[in-house]
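Asks: Dropping the structure in here first, questions after.
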Amino acid sequence: MSHKNKSIIFIILIVFISVLSVMFVVPIKTVETRNYMDTFVTISVDSTLFNKKNVDKAIDKAFSEIERIENVLSFYNEDGIIYALNTNGYLTKEKVTPELEYLIKKSVYYSDVSGGAFDVTIHPILNLWKEGLWTEDSERQNRVIKDELSRIGYKKILIDDNGIFLDGVKIDLGGIAKGYAADRALKILKDEGFDKALVNIGGDMVAGDGVWKIVLSDPDDLDNYITSFNISNKAVATSGNYERYFDPSKKIHHIIDPRTGYPASECISVTIIADKGIDADALATSVFVLGPEEGLNLVNSLDNVDALIIDDDRNIYRSNNLSKFEDLQFHSNA
Ligand code: ADP
Ligand code: MG
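Here it is in structure tokens:
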């Protein structure tokens, strides 16, 4: 082989190795958004160019899991297990999936620790407000709510070795399902080999490896921000009433205080940081109902749980260890 040919082969080899190493080393971020569970779901994955095809496959799989959970747990889907449980009033042990048992036990746990602020039997009362109870006079509101309150309550969910029995109540897992679905989606991405990932289901976020910056918008001005958190292998969930009012005076919204039957009124935004999405989601709703003082007490009593609460007067409350996550650099620039 001539000297010239040797040089050409050498150059081709170098280019080939360079391209290959770029593919293996250079990081890329894949971000995809779809619509599930009545909200936007965004999945972000950090990988290398080499993995791009597998990333897309893994993301598809994670979205499919969210779709499956939505179908199984939906209050309205006639093929789902929640619909079967609610229409029959019970499920025998053989019909109870480990997933349903996990979710209902978690729900009852958060009902217990929140003194009933979290309650998955709240649906009929939420529905009354949604369907226009706010247009009635306060006397009629009181009467209707009092009557309906006597019929609901998480203590009417009986779960034991025989299965699940509902004593005249129906279950709506809307306050916990998104956090759970985000946990499952991240688990799938990790099982597929992508540990550096973030799943965001309408503000319920679950992060894997790497550092993920989560910005908390100002409830009064969504273009602005309150602070930001740096998280890794943690979940962050925000419950807020600022996006979903049923009435023009903006008092009636989607989180109900089961102790009064009226929409919770003390907070406008509650952000919870916890190890898992399911816990962050349920606690965000619980603390939103409990209000800043009681809510903060609950959060500070739990291990590995932190919170940032904004009350109706725009006071900001932080849990004891929140500073571990808050990005002070970002904060001081605010
Ligand atoms: P946010 O993103 O603001 O937390 P979610 O959709 O996660 O809103 O939670 C609202 C849903 O939680 C309602 O649609 C309802 O199904 C359920 N919910 C409302 N109030 C309660 C409550 N006190 N306990 C448990 N679940 C509730
Ligand atoms: Mg929530």
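If you read the sequence shown in the numbering used here, its first letter stands for residue 16, the second for the next number, and so on. We put the CB at the ideal spot given by N, CA and C, even for glycine. These figures come from a predicted structure and were not determined experimentally.
What are the uninterrupted segments assigned as beta strand (DSSP E) that are 3 or more residues long and contained completely in the region 226 to 292, given in chain order?
Replies: As summarised for the region 226 to 292, the continuous beta strand (DSSP E) elements at least 3 residues long and confined to that stretch are 227 to 233, 236 to 246, 250 to 255, 282 to 289, given in chain order.
Asks: Whose CA, out of 206, 231, 240, 245, lies closest to the CA of residue 222?
Replies: 245
Asks: Please name the residue or residues paired with residue 56 in a DSSP beta bridge.
Replies: Looking at the DSSP assignment, residue 56 forms a beta bridge with 49, 216.
Asks: Do residue 55 and residue 189 have their CB atoms nearer than 8 angstroms?
Replies: no
Asks: Return the CA-CA distance between residue 276 and residue 331, expressed in angstroms with no decimal places.
Replies: 26 angstroms
Asks: I'd like to know if the region 103 to 111 and the region 170 to 178 are in contact, where contact means that at least 3 CB-CB pairs between them fall below 8 angstroms.
Replies: yes
Asks: Any heavy atom of the ligand ADP closer than 7 angstroms to the CB of residue 234?
Replies: no
Asks: Give a yes or no on whether the C-beta atoms belonging to residue 156 and residue 164 are separated by under 8 angstroms.
Replies: no
Asks: Between 193, 240, 227, 232, which lies nearest to residue 300 when the distance is taken from Cα to Cα?
Replies: 193
Asks: Quick one, which of 44, 295, 79, 328 has its alpha-carbon nearest residue 121's?
Replies: 295
Asks: DSSP three-state label for residue 322, please.
Replies: strand
Asks: Could you say which of 328, 235, 166, 314 lies nearest to residue 335 if we only look at CA atoms?
Replies: 314
Asks: Give every residue of the same chain whose Cβ lies closer than 8 angstroms to the Cβ of residue 141, excluding the five residues on either side of it in the sequence, and list them in chain order.
Replies: 187, 269, 271
Asks: For residue 8, which residues in the same chain have their Cβ closer than 8 angstroms to its Cβ, ignoring the five residues on either side in sequence?
Replies: Nothing about residue 8 can be reported from this structure: the residues present for the chain run from 16 to 349 only.
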